[in-house]
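In my numbering, the protein residues as written are 5 to 124.
We put the CB at the ideal spot given by N, CA and C, even for glycine.
See structure below.
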């Protein structure tokens, strides 16, 4: 997946803008290192929905459930993230991500969407 910059990542009451691909790469590496340090063996993402915007066919809003596992056990409760993807010059770019808050390097709190009522 290619990303649009600045890349915006939102968590409850917090927003982070990553201005470059290098900044996003560093954040992803830190998350991967935390997961490896906890003995994570699987990280699954399953699409729940993806819809084209009614007035802009170059914009998709979607949601996915993510699970972090060690063997057959969850390291945290499955959590929901939402993302906006836009098409610019024929390329689909991730533009805006909403995630649950982090605690000890893992997403926690109410999953976004059905339980919290928050939507992009």
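Item                                                                                                                            : Value
Measuring CA to CA, which of 91, 84 and 89 is closest to residue 15?                                                            : 84
In the structure shown, what three-state DSSP assignment does residue 29 receive?                                               : helix
Per DSSP, which one or two residues make a beta bridge with residue 66?                                                         : 54 and 87
Would you give the residue range spanned by the beta strand (DSSP E) that residue 20 belongs to?                                : 18-22
Given a cut-off of 8 Å, decide if residue 32 and residue 125 are closer than it, judged by their beta-carbon atoms.             : Limits of the chain in this structure are 5 at one end and 124 at the other, which puts residue 125 out of reach.
Since residue 88 contacts residue 65 with CB under 8 Å, what's their CB separation in whole angstroms?                          : 5 Å
Can you find at least 3 beta carbon pairs, one from the segment 32-51 and one from the segment 69-77, that sit closer than 8 Å? : yes
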